[in-house]
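Only one structure is covered here, and it is reproduced in the block below.
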Amino acid sequence: DKTDEGKVILLTSSLPNEGKSLISVNLASIFAISGKKTLLIGYDLRKPSLHKIFGLNATHGLTSYMVGRYELDDVLQATEFNNFDVLVAGPVPPNPSELLGSKYMAVLLKNLREVYDFVIVDAPPVGSVTDATVIAKETDGDILVISQGEISYKFEQKVLSDLKVSGCRILGAVL
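So for the sequence shown, our numbering puts the first residue at 1333; every next one is plus one.
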């Protein structure tokens, strides 16, 4: 369906600390301020940060929902902005890749498309773990966050190649 194109956007980077969470928050904020119902998902289960940025409860979130401890409405948290909800990562699980690679994440994203105008997925770095490439094919595209002078061109090309192999559509990059 063409009306859904571009609704679910994954943001990732090559390595940790390149600013992808900050860019994710800013992008989601812009959509929400412009009147679009927006959800920001903390998909980085190994080093979650969205709960800290927003001062939200981290005791339940995506992981709690994925293992069936909470319903979706119980883990979505509103922000101070209208039209802007956050689904924090939740407690760090013993098996992040297995949990994120389950069919439940694809179903979750499908269901969220019906509720939100935009879903922004703050994913872990592709150069560190494969979590972002696992879900990439379920999104409408990826924005790669690159920290200038920190990553070699060759490594960045490998990351891009990994994303393309995963079936992800590259929307662009933020330097």
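Backbone N, C-alpha and C fix where the C-beta goes; we use that ideal spot for every residue, glycine too.
Judged by their CB atoms, residue 1419 and residue 1342 are not nearer to each other than the 8 Å cut-off. Under a 10 Å Cβ-count criterion, residue 1467 is classified as buried, with 16 or more other Cβ atoms of the shown protein chains found around its own Cβ.
Taking 8 Å as the cut-off, the beta carbon of residue 1474 is found closer than this to the beta carbon of residue 1503.
Taking a C-beta distance under 8 Å as the contact criterion, residue 1455 and residue 1376 qualify as a contact pair. In this chain, residue 1455 is not harboured by any beta strand (DSSP E), its DSSP state being neither H nor E. DSSP places residue 1355 in the helix class (H, G or I) of the three-state scheme.
By a beta-carbon distance limit of 8 Å, residue 1415 contacts residue 1367. Their separation comes to about 6 Å.
The beta carbon of residue 1478 sits closer than 8 Å to those of 1345, 1346, 1350, 1488, 1505, 1506, 1507, all from its chain and outside the five residues before and after it, given in chain order.
In the structure shown, residue 1493 adopts helical secondary structure according to DSSP, grouped into three states. DSSP, read as helix, strand or coil, puts residue 1471 in coil. In the three-state reduction of the DSSP assignment, residue 1413 falls in the coil class, being assigned neither a helical nor a strand state. Classified as buried, residue 1339 has 16 or more neighbouring CB atoms from the shown chains inside 10 Å of its CB.
Residue pairing by DSSP places residue 1371 opposite 1417, 1451 in a beta bridge. About 6 Å separates the CB atoms of residue 1498 and residue 1469; that is less than 8 Å, so the two are in contact. Distance from the Cα of residue 1445 is smallest, within the candidate group 1369, 1356, 1362, 1365, for 1369. In the DSSP secondary-structure assignment, residue 1345 is bridged to 1477. Using a 10 angstroms sphere on the CB of residue 1484, the tally of other CB atoms stays under 16, which defines it as exposed.
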